[in-house]
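In the working numbering, the protein residues as written are 34 to 162. By construction, the Cβ of each residue, glycine as well, lies at the ideal position given by its N, Cα and C atoms. A short worksheet on the structure shown next.
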Amino acid sequence: GFGDVPHHLVHLILTRVVEMDLLDPDTLLLFLETDVSSIDFSSLSSSRRMSFSTSSLLRLGTCTTLRELKLSECESVTTDVLRAVLDGCSRLTTLHVDGCFLLSDRSFEDINRAGLLQRSSLTSLNLAS
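Structure representation (structure tokens):
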């Protein structure tokens, strides 16, 4: 992990790892153990985004400090991933899931029926493709 590394430096490292297209499922786990507040998968290359399985994305739900998550065009985002994120990331205010083709109207109906949107802290939800 990052041990005693100050939060702002962890955030800068994560931002740089994403910019350099080096984020992978194993590296993501290291960051989820810190107080990371923002993750932007949308700036990763298509091939790098494809390296994230549904099971690795489900782990995002354990990141209680996450405030902004951009999963745009991630092919492994399912209703279960969306549910885990909304249920586990209580501080999340911004979520981008545009271009996630495994999500459908039914996905959002299920999430809504479960009351996850109402209980969330979301102020911005991007669904447009």
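Exercise. DSSP state of SER71, grouped into three classes?
Worked result: For the purposes of this step, residue 71 is taken as the residue at position 38 of the sequence shown. Looking at SER71 - three-state DSSP - the assignment turns out to be strand.
For this session: Measure the alpha-carbon distance for ASP57 versus SER84 and round it to whole angstroms.
Result: Within the sequence shown, residue 57 is the residue found at index 24, counting from 1. Within the sequence shown, residue 84 is the residue found at index 51, counting from 1. Cα to Cα, ASP57 sits roughly 7 Å from SER84.
Exercise. Alpha carbon to alpha carbon, what distance is there between ALA147 and ARG81?
Worked result: By 1-based counting over the sequence shown, the position of residue 81 is 48. By 1-based counting over the sequence shown, the position of residue 147 is 114. Cα to Cα, ARG81 sits roughly 32 Å from ALA147.
Problem set entry | Coil, strand or helix - SER157 by DSSP | Within the sequence shown, residue 157 is the residue found at index 124, counting from 1. Of the three classes helix, strand and coil, the one that applies to SER157 here is strand, per DSSP.
Problem set entry | Residue environment, GLU106, which counts as buried when at least 16 other CB atoms sit within 10 Å | Within the sequence shown, the letter at position 73 stands for residue 106. Under this definition GLU106 is a buried residue.
For this session: Look up GLU101 in the DSSP assignment and give the residues it is bridged to.
Result: Residue mapping note: residue 101 aligns to position 68 of the sequence shown, counting from 1. In DSSP, GLU101 forms a bridge with SER71, THR127.
For this session: May I have the straight-line CA-CA distance separating VAL51 from GLN151, to the nearest angstrom?
Result: Position 18 of the sequence shown holds residue 51. Position 118 of the sequence shown holds residue 151. Going by the C-alpha atoms only, they are around 31 Å apart.
Problem set entry | Supposed close pair THR127, THR111 - CB separation, criterion 8 Å | As a position in the sequence shown, residue 127 is number 94, starting the count at 1. As a position in the sequence shown, residue 111 is number 78, starting the count at 1. Not a contact, Cβ separation roughly 20 Å.
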